[in-house]
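Working notes, structure below.
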Amino acid sequence: MKYLTFHERYAAVEALHARDCPEAKVGRLGKSILGRLASLDQKMLTESDGIALADYAAFYLGNAKSLEKDMVPWLKMCITEPVGLAFLRRWLVSFRVANVADGDGVAIFRSLAKLFVDQFEPALMRPEPLNKKPRHTYIYSETTTSEPFFTAGPIGDLILNLIEVGATEELDRFAAVMEDHAMRINDMDLFVLWMPLLGILHSSPRCSAEELAHPRYVRIFEPLITALIKNFLGPRPQAESLSRRPVPCNCRDCLCLNRFLTDPGMDQDHFPMGKARRQHLHQVLDRAGIDCTHETLRRGNPQPLIVRKTNTKHAKRVEAWETKHALLSRQISCMKDTLRVVLGNRWEAVTALPGVEASGLTARNQQGQQRVAGTKRKIEFIDLTEED
Ligand SMILES: [Zn+2]
18 MKYLTFHERY AAVEALHARD CPEAKVGRLG KSILGRLASL DQKMLTESDG IALADYAAFY
78 LGNAKSLEKD MVPWLKMCIT EPVGLAFLRR WLVSFRVANV ADGDGVAIFR SLAKLFVDQF
138 EPALMRPEPL NKKPRHTYIY SETTTSEPFF TAGPIGDLIL NLIEVGATEE LDRFAAVMED
198 HAMRINDMDL FVLWMPLLGI LHSSPRCSAE ELAHPRYVRI FEPLITALIK NFLGPRPQAE
258 SLSRRPVPCN CRDCLCLNRF LTDPGMDQDH FPMGKARRQH LHQVLDRAGI DCTHETLRRG
318 NPQPLIVRKT NTKHAKRVEA WETKHALLSR QISCMKDTLR VVLGNRWEAV TALPGVEASG
378 LTARNQQGQQ RVAGTKRKIE FIDLTEED
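So for the sequence shown, the working numbering puts the first residue at 18; every next one is plus one.
As structure tokens, this is what we get:
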């Protein structure tokens with residue numbers, strides 16, 4: 018059985034009653050939709066539903082009293098869900114078009130926005146996974162669900178709307194929560210959901226350069242950048258020693274093998290033995306996933322098994338880290354102008370990335386030197402914050 022989401026039902030009912038006079042519309046829609054509100058699962062509602070709910074509230078609940086009575090208590094329960102945030106985003110547009118009195122509309126926005134900033138937990142807000150396409154309908158069964166996700170747009174609009182209505186207390190509260198929670202936000206969420214806020218604010222005519230230079234934006238974006246450098250990039254993977262973990266077998270051949278594996282000074286050894294015993298060593302090494310190569314040298318009697326320790330896992334980790342490093346460098350370089358406005362002349366210190374000097378590639382050595390200098394500046398900067 019296919020269930021329509023709230024915004025689809027709303028669009029359908031609106032289309033059906035398109036020719037009604039406004040009064041008849043309000044009456045019919047009020048009954049057909051309001052009655053269903055209580056039965057909606059708030060955790061399943063998406064951004065699109067939030068937009069439809071704001072339009073519905075503005076156009077069909079008519080006045081501030083019925084809004085306060087019928088809609089606000091229900092919204093309070095889901096204000097920190099994507100649906101609540103989307104409602105806040107749309108509401109300031111909808112209520113003005115629908116001629117709700119300005120004072121009433123703004124008061125409702127502020128009371129819901131205050132609830133949001135008091136309750137939201139940035140580390141629990143999930144953006145849509147990058148490889149997934151949005152689904153607007155869902156089949157109601159145990160095997161498929163449509164999970165509502167957060168996007169940067171409504172969060173950015175919340176900040177812009179708070180600026181617009183002069184809600185400085187709510188803005189400061191938002192900044193305080195971000196400052197406390199940024200380090201707990203996971204790496205990709207920082208990248209996909211939170212960092213785009215900086216671009217949204219900077220490119221909007223509703224957020225002036227003077228506004229962006231207010232210390233509250235340092236409290237929002239500096240912890241986010243620090244978290245990004247620490248959680249998303251982290252330190253360069255350290256080179257492993259030659260010591261490898263032993264294989265889980267106590268036979269005499271494996272004891273010899275383990276002596277070699279755990280020895281931090283030996284990078285290869287040979288084990289002359291018959292085919293069956295060599296076969297056993299092949300198997301234990303493969304099963305234990307030891308980072309090494311093992312092959313039989315077709316020479317001598319018995320032929321020796323040559324085991325060489327390798328560093329493929331470490332090399333892969335370094336490669337992944339260097340890819341992230343390049344990505345982050347590019348991102349910071351793109352945001353340079355905005356970062357200057359928010360962080361002033363400390364922007365370089367805050368955005369200094371760990372050096373890539375240990376890569377062994379001569380081409381990168383010089384770059385690495387510069388970044389080490391940057392890291393030092395960062396330490397100075399951390400001391401300054403502690404004094405505050
Ligand atoms: Zn063994």
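C-beta atoms are modelled at their ideal positions from N, C-alpha and C, and glycine is treated no differently.
Small disclaimer: the values here were computed from a predicted structure and weren't measured.
| Asked | Found |
| --- | --- |
| Close-in-space but distant-in-sequence residues of the same chain around proline 171 (CB under 6 Å, 5 per side omitted) | Leu102, Ala103, Arg106 |
| Close-in-space but distant-in-sequence residues of the same chain around isoleucine 217 (CB under 6 Å, 5 per side omitted) | Gly173 |
| Distance, arginine 261 Cα to threonine 327 Cα | 10 Å |
| Histidine 297 Cβ short of 7 Å to ligand 1 heavy atom set | yes |
| Beta-carbon gap between isoleucine 96 and leucine 132 smaller than 8 Å | yes |
| Where threonine 392 falls: helix, strand or coil (DSSP) | With a pLDDT of 35 at threonine 392, under the threshold of 50, the predicted position of this residue should be treated as unreliable, though the coordinate-derived value follows. Helix, per DSSP. |
| Heavy atom of ligand 1 within 7 Å of valine 301 beta-carbon | yes |
| Helix, strand or coil at leucine 322 according to DSSP, with G and I counted as helix | strand |
| C-beta neighbour in chain D for glutamine 255, strict 8 Å | Absent here is chain D; the protein component of the structure consists of one chain. |
| Ordered list of alpha helix (DSSP H) runs contained in the region 332-377, each at least 4 residues | 353-360, 364-367 |
| Boundaries (first-last residue) of the beta strand (DSSP E) holding threonine 313 | 309-313 |
| Own chain residues within Cβ distance below 6 Å of phenylalanine 277, not counting five before or after | Met283, Asp286 |
| Any non-hydrogen atom of ligand 1 closer than 7 Å to cysteine 268 Cβ | yes |
| Bridge-paired residues (DSSP) for histidine 287 | Ile323 |
| Phenylalanine 23 (DSSP reduced to helix, strand or coil) | helix |
| Cβ-heavy atom distance, cysteine 271 to ligand 1, below 7 Å | yes |
| Option in Pro139, Glu25, Asp119 with minimal Cα separation from valine 209 | Pro139 |
| Exposure of glycine 372, with buried meaning 16 or more beta-carbon neighbours within 10 Å | buried |
| Close-in-space but distant-in-sequence residues of the same chain around isoleucine 242 (CB under 7 Å, 5 per side omitted) | Val367, Thr368 |
| Run of the alpha helix (DSSP H) containing histidine 198, from where it starts to where it stops | 185-198 |
| Element boundaries [alpha helix (DSSP H), containing alanine 230] | Run containing alanine 230: none; DSSP gives neither H nor E here. |
| Chain-order list of residues whose beta-carbon lies under 6 Å from that of glutamate 187 (same chain, five-residue window excluded) | Ala130, Lys131, Val134, Leu179 |
| Leucine 401 - DSSP class collapsed to helix/strand/coil | Confidence in leucine 401 is poor, its pLDDT being 27 and thus under 50, which makes the residue's placement too unreliable to answer from. |
| As assigned by DSSP and simplified to three states, the class of phenylalanine 167 | strand |
| Proximity of leucine 229 and valine 359 at Cβ, strictly below 8 Å | yes |
| Residue burial classification, alanine 343 (beta-carbon count within 10 angstroms, cutoff 16) | exposed |
| Where arginine 315 falls, given that 16 or more other Cβ within 10 Å makes a residue buried | exposed |
| Of the listed residues Asp121, Asp303, Pro263, nearest to glutamate 85 (C-alpha basis) | Asp121 |
| For tyrosine 157, the three-state DSSP class (helix, strand or coil) | Only weak support exists for where tyrosine 157 lies, its pLDDT of 40 falling under 50; the coordinates are left without a value. |
| Rounded distance between the beta-carbons of proline 265 and alanine 305, thought under 8 Å | 7 Å |
| Neighbour-count burial assignment, serine 65, 16 or more Cβ in a 10 Å radius | buried |
| Beta-carbon gap between arginine 127 and alanine 184 smaller than 8 Å | yes |
| Nonlocal neighbours in the same chain, by C-beta distance under 6 Å from glutamate 196, ignoring five residues either side | Arg236, Pro240 |
| For alanine 244 and leucine 207, believed in contact at Cβ under 8 Å, the rounded distance | 6 Å |
| Buried versus exposed, by CB contacts within 10 Å (16 or more), proline 165 | buried |
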